[in-house]
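Before any comments, here is the structure.
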Amino acid sequence: MAANTSILRRPLAPTGIWAWMTTVDHKRIGILYGVTAFFFFMLGGMEALIMRAQLASAESTLVSAATFNALFTMHGTTMVFMVVMPSGAAFFNFLVPLMIGARDVAFPRLNAFSYWLFLFGAILMNFSFFMNAFPDMGWFGYAPLTSNEFSISNSTDYWVLGLLVMGIGTTAAGFNFVVTILNMRAPGMTLMRMPVFVWMTLIVAFLIIFAFPPLTIALTFLLFDRFFDTNFFVDIGAGSDPLLWQHLFWIFGHPEVYILILPAMGIVSDVLPTFTRKPLFGYTMVVFAGVVIGFLGFGVWVHHMFVTGLGPWANAAFAATTMAIAVPTGVKIFNWLATLYGGSIIFKTPMLFALGFLSMFMLGGLSGVMHAVTAVDSQQSDTYFIVAHFHYVLFGGAIFGLTSGIYYWFPKISGKMLSEPIGKLHFWLMFIGFNLTFMPMHILGVIGMPRRIYTYAEDMGFEPLNQIVSGGSLIIALAIVVFTFNIARSVRQGEPAGDNPWGAPTLEWSIPSPPHHYNFPVIPTVRSQYPLWDENANVVLPPALPAHNEPIMPDPSYWPIMLAFAITMVAGGLIIWQGHAIAGLTVISSMGLLGMRSIFGWVLEPMEDEAHVSAHH
Amino acid sequence: MARFLTFRTPILKVALMALLLAALSACGSPQSTFDPKSDVADSILTIYILVTVVASIVGFAVLVAMVWLLIKFRAKPGVAARQIHGNNKLEVAWTIAPILVLLVIGIPTMFWIEGSAREPAPDVLEVEAIGHQWWFEYHYPGLGPDGTDLITANELIVPVGRDVRVTLQSDDVIHSFWIPQLVGKTDMIPGRTNVLHTFNVYEVGTYYGQCAEFCGEAHALMRFRVHAKTTSDFNSWVAAHNAGPATPEPGTAAARGALAFASCSGCHAVSGTAAQGRIGPDLSLFGERTTLAAGVLENSDQNLRAWISDVRSFKPIPEGARFMPTFNAMLDETQIADISAYLRSLTAE
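Spelled out as structure tokens, the structure:
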């Protein structure tokens, strides 16, 4: 057969480092996303702790202005692109095929490719630290602060190229999950029987497909401005416009907020029924509210720009759309509350985090409605009130929701339970620490503290509240230590979980923990929204299949990681090219060739290795 | 003054203010948005309080309902969960309810936007503010000698009881002009001219302002002051500004400083003298200012000398940025002291 296109032999061993680097198994890729996101969560958290140490006292000189500016830039970029998004991806990957009764995603190698681009893009951006060029222009990189004139080092180049590399992977993942969810559902798994988490994944995948292109365009314009002296954002006299960047960035940026929060909403919508022992109240409304949020999310971006002087008409229109988006959000919150009604509520750790999500996200939503009032926004914009607001949404909302998901599905992923007492300690430390950190920030905003300042004068009266905030951040840090200990402890000596430790209703709990690599011995037929609770629709699966009878799964492949590496190095080569033309061109051309080779290898590679196929037959 | 919709119900306003300010007053700040001193800041606060109260009521109600549900429906032995799938009437109700609540805040929002778009009074004072990394320049069109611009920097002087309309521009990156007690912020964007909401200051006093949009390394140190004066004080300030300084008595430090200042005049201007540099801040009537270095340092002889000697020990200026050089290598200590004496002698008296 002409199919043997590999230079290297295809790695077929089920364990070891090569198995992980070449894996195309959605569950392993999910775990890779999760572990990587957790690493960056620690990194972004440390950046935040250094900022809090600096701001704990007036006129502090702990870090320089340049360092502080780099810290808040990378804290924001890291938490958005390297923590919350990939955490969502970790859950999509691990859970979606299990929840819809599939054996993998639609394009397993593309899935691996997405992960490696995310990892390499994140490494490329953070590599700037070692080149003394840590990005320092703020996570939304407003022009013209990013132009060659005002950003002299390569810091902005690392930021742009890192985001572009990660963006390719994210966009690929968006398509992958749309196709997976629309095409790979088990018989009987109609759209309106899908778990809410799968619905939210579908919406997020569509949001990614439509929201990332504006970001890619903006970043490409900026790249061309910086590398090839084009004039999109730089020379005002020659017709460019710095506001163009803001429009493009926020047309991406606001849907991005829903890309970050919808997975957490999905998780909570599946956790609440399990721990109240009753179906989600108004499933249809919760699903459609999510769809409406997805659409409206594209029509509110100007509320990030109310003070840029777009005029009364633009401000009035976008104030109205921004208020409108509170309606579907409110519907979701009321439906979650109504799910509690009549329930038999069990306060396990996943439930505590889900309730933390519910209350904290609601407060973040309410302060968000306040920004829709343009008059109020003219005082709140770019102050600590905004910082407080989006941390209530993204930490109190997204992170609490995702943590609920970790406690809920860790038994399925690892086959072991997390400790309940340690989990509860983790919750209460995080809940108290979170509120101590972010509640006073509202007041700091009201009394006039702008965001992104590395220092403040003593007579401003900002110091006492900043001390509370910094103290609260230490409690969050402690909570994360407790969490890490809980995970580490369970990985070594956790109690066995069994198939369905929570008595949950959805399909992923019908199979062993951790699942076989082929997920389902036979593809189940689904007859209900809550198949494991519905006696008439009970899914009874046979035990593990004998080895000779296992379904044939796609074999591992080198090509996704090779192609991702080549793309990232081409981006890196562009930066080298800035300083050393020959060296840069050498890297770009050699890595371009490797990329071409990888594409051919990928396309011509059979799904299963010959050796593997013949072993089956 | 009734350009804006304001809720002139004293009981409501006083009660709510007392409630909300209880926590805030303990940490009084010169940049508090809850201590307005102009008509526009006042009208913003009115609507601010309205939305805060509405949001607080909704938030509190949901939290109470949640806690009640959690207690009432906690798992009890022998009590099974009721398998309720939904209720169309209820769900329609709580789709409509948020719409009604949003109307309560949405309608005043639209009225406020409409009010803010109206023309100012005919006697409006026009000011053009220009943002620079990291200081502010102000032009008063027509108020200078012979109908030219009166130009000053960092400390904005305005009359009380008269509409002030500030147009905003930027010389480099995006800045944002914000005087929390007087007016909400509006961005200064290169290539565009924005207009700050017209404001009318209630009381004579000094108000703090600060750049609110991240504008590079020294963003945190881009501050300013607004001095609101009575109309007659404002007019005398304009007159003194245009008259220029009296010639300092020969032999004094100020007189020597006036000569040494020639080396500064390439960048700085002092109205009524030969110094007409327009690269750095205008220093006319510098002795009247309360701060230097864009609201960062108190205007004292010691601070001024230290600032001239080495601006970089006060502001983090990145390499290559267009900013004042470090003078301790170019001028000796006596010259710096003389220049300081000269600048501080530039008063209205």
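Protein chains in written order, with the numbering used here: chain A, 39 to 655; chain B, 13 to 361.
Glycine included, each C-beta is placed from N, C-alpha and C at the ideal position.
No experiment lies behind these values; they were computed from the predicted model shown.
- Find out if the Cβ-Cβ distance for the pair valine 62 of chain A, proline 135 of chain A is shorter than 7 Å. no
- Item | Sequence ranges, beta strand (DSSP E) only - wholly within the segment 90-158 of chain A, length at least 3 | none
- Query: What's the C-alpha gap between aspartate 47 of chain B and alanine 165 of chain B?
  - Reply: 25 Å
- Message: Just to confirm, is the Cβ distance from leucine 320 of chain A to proline 293 of chain A under 7 Å?
- Response: Checking the sequence shown, residue 320 of chain A turns out to be glycine, not leucine. No.
- Query: Which bits of chain A does isoleucine 59 of chain B rub up against, with CB to CB less than 9 Å?
  - Reply: Val411, Ala413, Val414
- Beta-bridge partners of leucine 168 of chain B, as assigned by DSSP: B:Val238
- Could you confirm whether any beta carbon from chain B is found closer than 7 Å to the beta carbon of valine 369 of chain A? yes
- Task: Could you confirm whether any beta carbon from chain B is found closer than 7 Å to the beta carbon of glycine 541 of chain A?
- Result: no
- Query: Cβ of alanine 93 of chain B less than 7 Å from any chain A Cβ?
  - Reply: yes
- Item | Any chain B beta carbon closer than 7 Å to arginine 264 of chain A | no
- First through last residue of the alpha helix (DSSP H) which encompasses aspartate 51 of chain B: 51-84
- Query: So with Cβ pairs under 7 Å, would you call lysine 49 of chain B a contact of chain A?
  - Reply: no
- Item | Within 8 Å of chain E by C-beta, residues of the segment 377-399 of chain A in sequence order | Looking for chain E here will not work: the only protein chains present are A and B.
- Query: Where do the N-terminal and C-terminal ends of the beta strand (DSSP E) with tyrosine 596 of chain A fall, by residue?
  - Reply: Run containing tyrosine 596 of chain A: none; DSSP gives neither H nor E here.
- Just list the alpha helix (DSSP H) runs in the segment 212-293 of chain B, keeping only unbroken ones of 4 residues or longer that don't cross its boundaries, in chain order. 243-255, 265-272
- Helix, strand or coil: how does DSSP classify valine 195 of chain B here? strand
- Compute the Euclidean distance between the alpha carbons of arginine 455 of chain A and isoleucine 549 of chain A, then round it to the nearest angstrom. The residue you asked about is not arginine; residue 455 of chain A is methionine in the sequence shown. Distance between the alpha carbons of methionine 455 of chain A and isoleucine 549 of chain A: 16 Å.
- Taking only beta-carbon positions, decide if cysteine 39 of chain B is within less than 7 Å of chain A. A caution first: cysteine 39 of chain B carries a pLDDT of 48, below 50, which makes its placement in the model unreliable, though a value can still be read off. Output row for cysteine 39 of chain B: interface = yes.
- Considering glycine 143 of chain B, what are the terminal residues of the beta strand (DSSP E) in which it resides? 137-144
- For tryptophan 208 of chain A, which three-state DSSP category applies? Here residue 208 of chain A is threonine; the residue named in the question, tryptophan, does not match the sequence. Three-state result, threonine 208 of chain A: helix.
- Item | Option in A:His554, A:Ala171, A:Val203 with minimal Cα separation from isoleucine 190 of chain A | A:Ala171
- Are alanine 251 of chain B and proline 260 of chain B touching if we call contact CB-CB under 7 Å? no
- Using a Cβ cut-off of 7 Å, pull out every chain B residue sitting near glycine 320 of chain A, in sequence order please. Gly98, Glu103
- Name the one or two DSSP bridge partners that asparagine 206 of chain B has. B:Leu180
- Ordered along the chain, which non-local residues of its own chain (more than five positions away) have a Cβ less than 8 Å from that of methionine 477 of chain A? Ala426
- Item | CA nearest to the CA of asparagine 221 of chain A, picked from A:Val236, A:Thr209, A:Gly207 | A:Val236
- Would you say lysine 241 of chain B faces chain A, with C-beta separation under 7 Å as the test? no
- Taking all protein chains shown into account, do 16 or more other C-beta atoms lie within 10 angstroms of the C-beta of threonine 58 of chain B, making it buried, or fewer, making it exposed? buried
- By Cβ distance, which residues of its chain are closer than 8 Å to aspartate 135 of chain B, with the 5 residues on each side in sequence left out? Arg174, Asp175
- Return the chain-ordered ranges of every alpha helix (DSSP H) run that is complete within the segment 316-363 of chain A and spans a minimum of 4 residues. 321-334, 350-362
- Task: Classify histidine 586 of chain A as buried or exposed, calling it buried when 16 or more other Cβ atoms lie within 10 Å of its own Cβ.
- Result: exposed
- Task: Give the interface partners of serine 566 of chain A over in chain B, defined as CB-CB distance under 8 Å, in chain order.
- Result: The premise fails here: serine 566 of chain A is roughly 12 Å from chain B at the closest Cβ pair, so nothing lies under 8 Å.
- Query: Taking just the CA atoms, how far does tyrosine 60 of chain B sit from glycine 269 of chain B?
  - Reply: 50 Å
- Item | Among A:Asp593, A:Thr360, A:Met634, nearest to phenylalanine 333 of chain A - alpha-carbon criterion | A:Thr360
- Can you tell me the Cα-Cα spacing of glutamine 314 of chain B and isoleucine 424 of chain A, whole angstroms? 38 Å
- Item | For glutamate 149 of chain B, the residue or residues it bridges with in DSSP | B:Ile142, B:Ala165
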